Amino acid sequence: MAVQLGDLELHLLVAGHWKADGGLMFGVVPKVLWEKQKPADGNNMIDCACVGLIARVNGRVIVCETGIGTKLSEKRARQVALREPEGLLHSLRRVGIRPDEVDAVITTHLHWDHAGGLTRRDSQGGLELTFKRARHFIQRTEWDFALHPDVRSASGYVSDDFTPLADGNKAVEFLSGDAEVMPGVHVRHVGGHTPGSQVLVLRTGELACAVTGDLVCQTPHLRVPWTMSADIEPLRVLEQKARLLEEAERHRWLLVLSHEPDQPVGYLEEGGRWRPEPRLA
Numbered sequence: 270m271a272v273q274l275g276d277l278e279l280h281l282l283v284a285g286h287w288k289a290d291g292g293l294m295f296g297v298v299p300k301v302l303w304e305k306q307k308p309a310d311g312n313n314m315i316d317c318a319c320v321g322l323i324a325r326v327n328g329r330v331i332v333c334e335t336g337i338g339t340k341l342s343e344k345r346a347r348q349v350a351l352r353e354p355e356g357l358l359h360s361l362r363r364v365g366i367r368p369d370e371v372d373a374v375i376t377t378h379l380h381w382d383h384a385g386g387l388t389r390r391d392s393q394g395g396l397e398l399t400f401k402r403a404r405h406f407i408q409r410t411e412w413d414f415a416l417h418p419d420v421r422s423a424s425g426y427v428s429d430d431f432t433p434l435a436d437g438n439k440a441v442e443f444l445s446g447d448a449e450v451m452p453g454v455h456v457r458h459v460g461g462h463t464p465g466s467q468v469l470v471l472r473t474g475e476l477a478c479a480v481t482g483d484l485v486c487q488t489p490h491l492r493v494p495w496t497m498s499a500d501i502e503p504l505r506v507l508e509q510k511a512r513l514l515e516e517a518e519r520h521r522w523l524l525v526l527s528h529e530p531d532q533p534v535g536y537l538e539e540g541g542r543w544r545p546e547p548r549l550a
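Take 270 as the starting number for the sequence shown in the working numbering and just add one per residue.
This is the structure we're talking about:
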């Protein structure tokens, strides 16, 4: 199903399901608290999804987030219990969109579970762009850090996911902070989780929809102090999350939570209550 938000036509994108370590997802939050909402298996792994958005805006097609993609080795796919790795293209197919019809791609950052679908293997085993005609909007700080991450962050990036965008293809447009990349399509640089993390905000009149990335990755993270252990600047995450959630509640923004497997899209109501949007379930 789709949601019509003013001039925006919005479709949920589910680019696969997987499992992540609960300690990674909730950091210093005690397990006795987070496990009430996100039960862990015997290996302390919790269910996650790769959630994004397909939007038609002023006649253009925009994809936000691409998930893990199809390039993982069998061993790595088993480690993270990856299911439905073809979900990115399946989601597009369900709404009648071909990859070569996508005009713009925005990933909230370049970690492997958000940017993996930017590229895929061709019939000869080489790398190719998934969306060959699209412009890809990425913060310059994120690109530079992904190419030369620190020791703590290195495992979060896979160069095959993103370097082909610039290697002769010239498909990437680097941003330096907040930007309106096309009419009604806003990118907000938030940092925190990674140096170049960004939030997509689609606007039409007084209405808006935001894809939160790992600033707010699941419903328990709607609590401002609940953050991930992978955040490189936790205090910045707190600051930016509080700002985003205050705006979302005050102006009734539709929110898309990038790793929520059960109720990924909804509205934040008074008192921090989450009201799912069933038309994008």
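Just so it is clear, CB atoms sit at the ideal spot from N, CA and C, and this is done for glycine as well.
As the structure is a computational prediction, the values presented were derived from the model and not from experiment.
| Asked | Found |
| --- | --- |
| Are Ala477 and Leu274 closer than 9 angstroms when you measure CB to CB? | yes |
| Within the chosen definition, does the segment 296-307 reach the segment 332-341 through at least 3 CB pairs nearer than 8 angstroms? | no |
| To the nearest whole angstrom, what separates the beta carbons of Arg352 and His280, a pair I think is in contact under 8 angstroms? | With 8 angstroms as the limit, Arg352 and His280 do not qualify as a contact, their Cβ atoms being about 20 angstroms apart. |
| Please state the DSSP three-state secondary structure of Trp543. | strand |
| So, for Leu549: in the same chain, excluding its five sequence neighbours on each side, which residues have a beta-carbon less than 6 angstroms away from its beta-carbon? | Val272, Leu281, Val534 |
| Expressed to the nearest angstrom, what Euclidean distance is found between the alpha-carbon atoms of Leu355 and Ala284? | Reading the sequence as shown, one finds Glu at residue 355 and not Leu. Looking at the two C-alpha atoms, the distance is approximately 7 angstroms. |
| Thinking Val480 and Leu322 are a contact (beta carbons under 8 angstroms), I'd like their distance in whole angstroms, please. | 5 angstroms |
| How many angstroms separate the CA atom of Ser424 from the CA atom of Val332? | 25 angstroms |
| Around the C-beta of His520, are 16 or more other C-beta atoms found within 10 angstroms, so that it is buried, or is it exposed? | exposed |
| Let me check one thing: in DSSP terms, what residues is Ala287 bridge-paired to? | The sequence given here has Trp at residue 287, not Ala. Beta-bridge pairing links Trp287 to Cys317. |
| So Thr377 packs on Ser527, CB below 8 angstroms; how close in whole Å? | 7 angstroms |
| Counting along the chain, where does the beta strand (DSSP E) carrying Thr481 start and finish? | Element bounds for Thr481: n/a, residue is neither H nor E. |
| Short of 6 angstroms in beta carbon distance, which residues of its chain neighbour Gln348, apart from the five on each side in sequence? Order them along the chain. | none |
| Taking the alpha carbon of Trp522 as the reference point, which residue from His490, Asp483, Val470, Gln509 has its own alpha carbon closest? | Val470 |
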